[in-house]
Amino acid sequence: MKKAITVSVLAATMLASCVSKKKYVALESELNDTKSTLQKTRVEKEEIEGKYASIEARVADYNAKINSLREENDGMMEMNDLTVMSKNHKDKMRATIAKMDPEKVKDAKTLEDSINLAVSYNLKQNITEGGDDEDIDIKVDETVVMINVSDKLLFGSGSYRVTQKAQPLLKKLAEVINSEPAMEVMIEGHTDDRTMVKDSYLKDNWDLSVRRATSIVRLLQDKYDVDPSKLIAAGRSSYQPLVENTSKENMAKNRRTRIVIIPNLDKFFAMMESEDNVATVSQ
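Just so it is clear: in the sequence shown, position 82 is 81 by numbering that gives the first Met the number 0, and no numbers are missing.
If you want it as structure tokens, here you go:
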């Protein structure tokens, strides 16, 4: 009887030892898998950080060019002195102002204000084929042209694929860019502050904004023959909103693509001409 009990205890001990070893092997395998996933995540994080650092460096360089251009143009042109402009440019500016809505012109107090209004008006007439598209807003700040285009005109919700209805706008934009060899253009993607859907193919709003910018840049280069050396793609995520993201309407305003054009001074004045002159400017 005593012998039988001893054998039973020994068998139970061996069984327990066997089960513990299986658990150990399983845990060890799980640990190795976790370490491998962690290492892969670290590598991906470093790659993404490297890409964003490169983009930010290019954006900083581009902004430095904008500031340099503004300083240069300030030295070349005293906006409050009508004698600086040629009679031809002054006549074209006045002709453009005469065609505009008086409500939009009434706040123009200086020559600079009038020039900026004329450039904005004619450029919008050109790229929208004479329309007054509310999804496109053009502003001029010391010869730097900024075009804001709402995402509903360019992309589907949460997508970076450019819609077919955006093609006429991009074609016209390419014509403007190609009309002047010295012109440089930055495409900036902007989003609202909503987070991505879990397990989405997009990592976050940084990812979406950069992909949208590069989608437009590729189209301008590949489909509309814009020299890629004149283009910069940048993503701003949700960190430069136009308004607070407190409503659907405000979020829609913040979801946009900003196109920043730096023309030289002669080209800037040429933008005051009528839309049918875009092709002749480059001749």
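Every residue gets a Cβ at the ideal spot worked out from N, C-alpha and C, and that includes glycine.
Would you mind giving the Cβ-Cβ distance between Val184 and Leu230, rounded to the nearest angstrom? I have them listed as a contact below 8 Å. About 6 Å separates the two Cβ atoms, so the contact holds.
I'd like the list of long-range same chain contacts for Ile215, defined as Cβ closer than 6 Å, with 5 residues on each side in sequence excluded. Contacts found: Ile186.
Same chain only: Cβ atoms within 7 Å of Ile96, ignoring 5 sequence neighbours per side: When the five nearest sequence neighbours on each side are left out, the beta carbons in the same chain lying within less than 7 Å of the beta carbon of Ile96 are those of Val104, Ser113, Leu116 and Ala117, in order along the chain.
Are the CB atoms of Ser119 and Ala251 within a distance shorter than 8 Å? Contact: no.
Could you have a look at Ala107 and say whether DSSP puts it in helix, strand or coil? Looking at Ala107 - three-state DSSP - the assignment turns out to be coil, as it is neither helix nor strand.
Gly155 versus Glu45, Arg254 and Arg41, residue with shortest Cα-Cα distance: That would be Arg254, whose Cα lies nearest to the Cα of Gly155.
Buried or exposed: where does Pro180 fall if 16 or more other Cβ atoms within 10 Å of its Cβ makes it buried? With fewer than 16 neighbouring CB atoms inside 10 Å of its own CB, Pro180 falls in the exposed class.
Can you tell me where the beta strand (DSSP E) holding Arg257 begins and where it ends? Here the beta strand (DSSP E) through Arg257 covers Arg255 to Ile261.
Where does Met195 fall in DSSP's three states? Here Met195 sits in coil by DSSP.
Do the CB positions of Thr109 and Pro262 come within less than 8 Å of each other? Their beta carbons are not under 8 Å apart, which means Thr109 does not touch Pro262 by this criterion.
Apart from the five residues just before and just after Ser208, which ones in its own chain have a Cβ nearer than 7 Å to its Cβ? Only residues of its own chain outside the window of five on either side were considered, and among them Gly188, His189, Thr190, Gly234, Arg235 and Ser236 have a CB closer than 7 Å to the CB of Ser208, listed in chain order.
Please list the terminal residues of the continuous beta strand (DSSP E) segment that includes Ser149. Boundaries of the beta strand (DSSP E) harbouring Ser149: Val143 to Ser149, taken from the DSSP string.
If you drop the 5 nearest sequence neighbours on each side, which residues of the same chain put their C-beta closer than 6 Å to that of Asp206? Counting only Cβ-Cβ distances below 6 Å, and skipping sequence neighbours, we find nothing.
Quick one: measure Cβ to Cβ for Ala173 and Leu122, integer angstroms, because I've assumed they're closer than 8 Å. In fact, because the Cβ distance is near 14 Å, the residues do not count as touching under 8 Å.
So is Ser28 buried or exposed if we call it buried at 16+ other beta carbons inside 10 Å? Burial call: exposed.
Beta strand (DSSP E) segment containing Asp136, residue limits: That run of the beta strand (DSSP E) goes Ile135 to Asp140.
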